[in-house]
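Number of protein chains: 2
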Amino acid sequence: MQRSRWGWGYEGQLDALSGAVKRASQFFGQLQSAMPVADADLELPTPRTPIPAALSAFADASPLTRARFTWGKSYTDRVRGFYGDYSIAPDFVVQPTNDEQVHQVLDVCDRLQLAVIPFGGGSSVTGGVEARPSARQRGAVTMDLSRLDQLLEVDSVSLTARIQAGIFGPALEKQLATHGLTLRHFPQSFEFSTLGGWIVTRAGGHFATVYTHIDELVQSVRMLTPQGLLETPHLPASGAGPDGNRLICGSEGTFGVVLDAWMRVRPRPRFRAGASVHFKDYWQAVAATRAIAQSGLFPANCRLLDMREAFLNQVAADGSSVLVLGFESADHSMEAGLARALEITRDFGGVCPKGPSLREGEGGERGDDSGEQWRASFLSGPYLQDAMIQAGILADTFETACTWQAFPALYEGVTQAVQAALTEVCGGGVISCRFTHVYPDGPAPYFTFLGKAKRGGELEQWLAIKNAASEALGKFGGTITHHHAVGRMHKAGYAKECPPLLAESLRAVKQRLDPHGIMNPGVLLPGE
Amino acid sequence: MQRSRWGWGYEGQLDALSGAVKRASQFFGQLQSAMPVADADLELPTPRTPIPAALSAFADASPLTRARFTWGKSYTDRVRGFYGDYSIAPDFVVQPTNDEQVHQVLDVCDRLQLAVIPFGGGSSVTGGVEARPSARQRGAVTMDLSRLDQLLEVDSVSLTARIQAGIFGPALEKQLATHGLTLRHFPQSFEFSTLGGWIVTRAGGHFATVYTHIDELVQSVRMLTPQGLLETPHLPASGAGPDGNRLICGSEGTFGVVLDAWMRVRPRPRFRAGASVHFKDYWQAVAATRAIAQSGLFPANCRLLDMREAFLNQVAADGSSVLVLGFESADHSMEAGLARALEITRDFGGVCPKGPSLREGEGGERGDDSGEQWRASFLSGPYLQDAMIQAGILADTFETACTWQAFPALYEGVTQAVQAALTEVCGGGVISCRFTHVYPDGPAPYFTFLGKAKRGGELEQWLAIKNAASEALGKFGGTITHHHAVGRMHKAGYAKECPPLLAESLRAVKQRLDPHGIMNPGVLLPGE
Chain A
993 MQRSRWGWGY EGQLDALSGA VKRASQFFGQ LQSAMPVADA DLELPTPRTP IPAALSAFAD
1053 ASPLTRARFT WGKSYTDRVR GFYGDYSIAP DFVVQPTNDE QVHQVLDVCD RLQLAVIPFG
1113 GGSSVTGGVE ARPSARQRGA VTMDLSRLDQ LLEVDSVSLT ARIQAGIFGP ALEKQLATHG
1173 LTLRHFPQSF EFSTLGGWIV TRAGGHFATV YTHIDELVQS VRMLTPQGLL ETPHLPASGA
1233 GPDGNRLICG SEGTFGVVLD AWMRVRPRPR FRAGASVHFK DYWQAVAATR AIAQSGLFPA
1293 NCRLLDMREA FLNQVAADGS SVLVLGFESA DHSMEAGLAR ALEITRDFGG VCPKGPSLRE
1353 GEGGERGDDS GEQWRASFLS GPYLQDAMIQ AGILADTFET ACTWQAFPAL YEGVTQAVQA
1413 ALTEVCGGGV ISCRFTHVYP DGPAPYFTFL GKAKRGGELE QWLAIKNAAS EALGKFGGTI
1473 THHHAVGRMH KAGYAKECPP LLAESLRAVK QRLDPHGIMN PGVLLPGE
Chain B
993 MQRSRWGWGY EGQLDALSGA VKRASQFFGQ LQSAMPVADA DLELPTPRTP IPAALSAFAD
1053 ASPLTRARFT WGKSYTDRVR GFYGDYSIAP DFVVQPTNDE QVHQVLDVCD RLQLAVIPFG
1113 GGSSVTGGVE ARPSARQRGA VTMDLSRLDQ LLEVDSVSLT ARIQAGIFGP ALEKQLATHG
1173 LTLRHFPQSF EFSTLGGWIV TRAGGHFATV YTHIDELVQS VRMLTPQGLL ETPHLPASGA
1233 GPDGNRLICG SEGTFGVVLD AWMRVRPRPR FRAGASVHFK DYWQAVAATR AIAQSGLFPA
1293 NCRLLDMREA FLNQVAADGS SVLVLGFESA DHSMEAGLAR ALEITRDFGG VCPKGPSLRE
1353 GEGGERGDDS GEQWRASFLS GPYLQDAMIQ AGILADTFET ACTWQAFPAL YEGVTQAVQA
1413 ALTEVCGGGV ISCRFTHVYP DGPAPYFTFL GKAKRGGELE QWLAIKNAAS EALGKFGGTI
1473 THHHAVGRMH KAGYAKECPP LLAESLRAVK QRLDPHGIMN PGVLLPGE
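First to last, the sequence lines map onto chains A and B.
Numbering of the first sequence is given in the working numbering, commencing with residue 993 and proceeding in unit increments.
Numbering of the second sequence is given in the working numbering, commencing with residue 993 and proceeding in unit increments.
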């Protein structure tokens, strides 16, 4: 199978999604379908710098390789790739197969003043992997880490595993499965994202509660910086000084390259309990979800879909909001936990038309139809965006977290702002919301918007909508990103959210670890 | 009630503990009791600097005040206070009642080159509150934060509360209780430690799992640095850059003064389930505890006492190890969780002589006798150390965390090293161990040691034992501190544990936030 040059994943997946596109299309009437630029027609800029001899054994400056490592997978990235814009292609791509080669790259690039862009699965949706050198640099090199893809060690007593940073989700789970273990970190990008990418972007994963971010699953990290190796201690916990792992999580490649990490793994779940609860009233559904988030029941899945999200995902078509609940354990039945959660939902008018679903034993996911429907829809999401682009639909998502107190105004404010922008630039459109994660003190709302694209004008349309969304998030007390990272796309929002003295502190750390500023310049740090 | 000048808490608490001292004494034969130096006989050094006029309204340079703020509450601190050593008393003590006065202190001290030592409850057991100026400074001022003691705001929807940093544990819980809420952070120092102290030392609290450290309960912090206010955003979670709260947690007053924080609070528990499980074989008990830590049952209490710890705490006298289990919830019965945990313990030969104990409704703690016994013993621990000092017993604790894989060798290695040191410097003694917290990937073992003190030679004795313990912790893969902080006492161990580039990074942050190095100099940071 061949990966798409411009789109999400393997080629030839789009036809299967035609139903979803059709459902979305009914909002927009006649659409103008198009085809991506052919590989043979690509035009790439001349490299600013030749491949240094010391790196030539594992470097590649061929146009198609450079094109494949030019963009991430944001809506705007895909649109640019679709139309053949590769104006910011890296000068060359290095593909190290071991730590020593990573070290060589940093060494050579530090000496030659070349920017180094760590590239895992390239699934960034925030412009986090663009090869844009700073003014004082002579070029930019993208470092493809996907050959650092091995499970190195397993400690089955402590349930930890040392895993190389460049491994993709499915390979990671496959290697762990041979030990009966799982990381259970399933971001929507799972198929084409890497452990190292999850760590440096603080990716949000499978668990709706407790272990929401990859941060919680990191035991220790080996990160190579231009100043040498930073290896945090191999400990379950410590109170000795500020937590070094938490400085690496979220650093977005600006401090160094994560080589590998000891991760907290677990036995594969054997007991599952799930249900889909329908609510006529969204605010009653929100109240029920909050009560569950504050109950200490710790569901693995607790995703509330508003009426539009439920419709788009074919979970409910009658205007209901739907709360998808899932509990899982490798140790014990989760029946009691689900029963109590359902009791809570009933207090808020929730009904469970298909009843709860319980399953014991390996294999398969929840038996509940809506749950499975939801999961299939979830994993095909990134493919769907390709189909939408091709069909002429502008489709994107953004996400945040806020307190429960702030949520009602944020939901209304963001929805109105984005709806207004859609009306203005697309002549209409739809915005929907689900919770991806919930905390005792607030939800993480995830918004999807759809509008009719103007061929050739998508980037301007998108920017107007994105700006409206980002401004509303800030205004109503939401973070600029709960798990998508800052990259370049969210720098303005992050600059407002990040306390100035924290920004100064992070710049001071950057200066110490990467004094020549070669690591992923322009990403994350305000003012850089 | 008057607080002891040299000892733990209120005066006149020692008699009630005579039974515990008697039990300990049986290990040591004839002991040589003594009395502390009287207040009237104290000799304090002449202040290096007068009180600046700008601070005179809330500063105090009287000898007794300076004495009370000279030491923390480590064994060595208490011994020094007991014998009347106040050679490092601060030049004066400031007692701000509002943020503006804290700001004034930092401003004036930054200008005059005076060290500022933030002092909460003064319960540091690691030399974290000593007024020792650096070579370039002209004196040292201790900042008593205990008048910043108010609950400022409550968000009962999001279950958060904004609380001033100088509030002591009991007052904090009392103020929250009027809203039906609780922080449920009960370190052993609870009675005489503050929220701000908990945050900057990454204190370990009540919950044995999930919310083990105060870090997890911090939503946002306002910290005043010499360069201004650093206020982290008021959010349940974010993926935007490295987590600023985690840079403040564990900074031990070296970056600035925490003014207040939004904390995650919760309704008071209504459902409790507890049991004490006895094991003939310690390693079976460890295996059972590991299985529970990895089960996802999330007990609030999961403290395994080895046979000596069980004996000293009167929980078992027959050589059994005892696992004290507790579950609690404000939402639902914890009977099923406890039942499954007990099932696990039975697989490893655990027996529960008194059966499980279930309780519903407000008030009281676990009904199980051993559990209550344990709690009473736990909270009187710090008082007990005073009585031991007076009775002539050298008594102290140290704690760590390591992986489950590393634990057996660490337990044996640490026990042997400390036992050998006790034999050498005390002519014998006893060392015991309990787990204070457990993680899926490892336990947090907490060791207590007792020996016969040589009057006047306690500090040398203690140092020999402490060095043996710290060296063994490092050698066998334990952290130098899981929740007691680094301070001055653990600096050597921390310097070995902290990756050099992380130490460099923290120094860079310090340089940015406190360029003149006035904040708690000599604490935490390697090489400072």
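Beta carbons are placed, not taken as given, at the ideal position from N, Cα and C, and that holds for glycine.
Keep in mind it's a predicted model, so treat the numbers as computed, not measured.
Are the CB atoms of F1061 (chain B) and F1111 (chain B) nearer to each other than 7 angstroms?
-> yes
W1275 (chain A) burial status per 10 Å Cβ neighbour count (16 or more: buried) = exposed
Would W998 (chain A) pass as a contact of F1084 (chain A) if the rule is Cβ separation under 7 angstroms?
-> no
Kindly list, in the order they appear in chain B, the residues whose Cβ is closer than 9 angstroms to that of Q994 (chain A).
-> Residues of chain B passing the Cβ test: none, with the nearest at roughly 31 angstroms.
What do you get for E1122 (chain A), buried or exposed, if any count of 16 or more other CB atoms within 10 angstroms of its CB means buried?
-> buried
For the 8 angstroms Cβ check, are there 3 or more pairs between the segment 1438-1448 of chain B and the segment 1402-1416 of chain B?
-> yes
From R1358 (chain A) to Q1180 (chain A), what distance separates their C-alpha atoms?
-> With a pLDDT of 39 at R1358 (chain A), under the threshold of 50, the modelled position of this residue cannot be trusted, and the question is left open.
Using a beta-carbon distance below 7 angstroms, is I1155 (chain A) in contact with chain B?
-> no
Would you say D1052 (chain A) faces chain B, with C-beta separation under 7 angstroms as the test?
-> no
What residues in its chain sit with their C-beta under 8 angstroms from that of M1255 (chain A), if we drop five residues either side in the sequence?
-> T1152, A1153, R1154, I1155, L1175, L1187, L1209, V1210, Q1211
Helix, strand or coil at F1199 (chain A) [DSSP, three-state] = coil
Taking 8 angstroms as the threshold, find out whether the segment 1449-1467 of chain A comes into contact with the segment 1304-1324 of chain A through three or more Cβ pairs.
-> no
7 angstroms Cβ cutoff, P1432 (chain A) in contact with chain B | yes
Chain B contact residues for I1381 (chain A), given Cβ-Cβ distances below 7 angstroms | The premise fails here: I1381 (chain A) is roughly 25 angstroms from chain B at the closest Cβ pair, so nothing lies under 7 angstroms.
Looking only at its own chain, which residues have a Cβ that is under 8 angstroms from the Cβ of L1173 (chain B), when we skip the five neighbours before and after it?
-> V1146, S1148, L1151, A1153, V1257, R1258, P1259, R1260
Hey, which unbroken runs of the alpha helix (DSSP H) at 4 residues or more fall wholly within the segment 1301-1356 of chain B?
-> 1327-1339
Which stretch, first to last residue, makes up the beta strand (DSSP E) that contains K1458 (chain A)?
-> Counting along the chain, K1458 (chain A) falls outside any beta strand (DSSP E), though it belongs to the alpha helix (DSSP H) covering 1450-1467.
Applying the criterion that 16 or more other CB atoms from any shown protein chain within 10 Å of the CB defines a buried residue, is P1345 (chain A) buried or exposed?
-> exposed
Between the segment 1467-1495 of chain A and chain B, which residues of the former have CB atoms less than 9 angstroms from a CB of the latter, in chain order?
-> G1469, G1470, T1471, I1472, T1473, H1474, H1475, H1476, A1477, V1478, H1482, G1485, Y1486, E1489, C1490, P1491, P1492, L1493, L1494, A1495
Where R1194 (chain B) falls, given that 16 or more other Cβ within 10 Å makes a residue buried | buried
Pick out whichever of A:A1059, A:G1231, A:T1389, A:V1013 has its Cα sitting closest to the Cα of A1032 (chain A).
-> A:A1059
Count the other C-beta atoms from every protein chain shown that fall within 10 angstroms of the C-beta of T1217 (chain A), then say buried if there are 16 or more, exposed otherwise.
-> buried
Hey, is R1194 (chain A)'s beta-carbon within less than 7 angstroms of any beta-carbon in chain C?
-> Considering every chain present, this structure includes no chain C. Its protein chains are A and B.
Cutoff 6 angstroms; reference S1066 (chain B); Cβ partners in own chain excluding five residues on either side | V1117
Quick one: using the 10 Å Cβ neighbour count with 16 as the cut-off for buried, is N1090 (chain B) buried or exposed?
-> exposed
Own chain, CB closer than 6 angstroms to A1464 (chain A), minus 5 neighbours either side, in chain order = G1405, V1406, A1409
Can the beta-carbon of L1482 (chain A) be found closer than 7 angstroms to that of A1393 (chain A)?
-> As written in the sequence, residue 1482 (chain A) is His, which differs from the Leu given in the question. No, these two residues do not count as a Cβ contact at 7 angstroms.
First and last residue of the uninterrupted beta strand (DSSP E) at N1293 (chain A) = 1293-1297
Going by CA-CA distance only, name the one from B:L1034, B:Y1486, B:L1227, B:E1223 that's closest to T1398 (chain A).
-> Residue identity differs from the one stated: residue 1398 (chain A) is Ala in this sequence, not Thr. Checked all of B:L1034, B:Y1486, B:L1227, B:E1223; the closest Cα to A1398 (chain A) is B:L1227.
Quick one: grab the DSSP three-state call for F1182 (chain A).
-> helix
Within-7 angstroms CB hit, S1497 (chain A) to chain B | yes
Are the Cβ atoms of A1200 (chain B) and V1430 (chain B) separated by less than 7 angstroms?
-> yes
Kindly list, in the order they appear in chain B, the residues whose Cβ is closer than 7 angstroms to that of L1516 (chain A).
-> G1233
Reference S1424 (chain A), options A:R1338, A:A1500, A:L1517, A:A1302, closest by Cα = A:A1302
Members of the segment 1082-1107 of chain A near chain B, C-beta cut-off 9 angstroms = none
K1272 (chain B) by DSSP, collapsed to three states: which one?
-> coil
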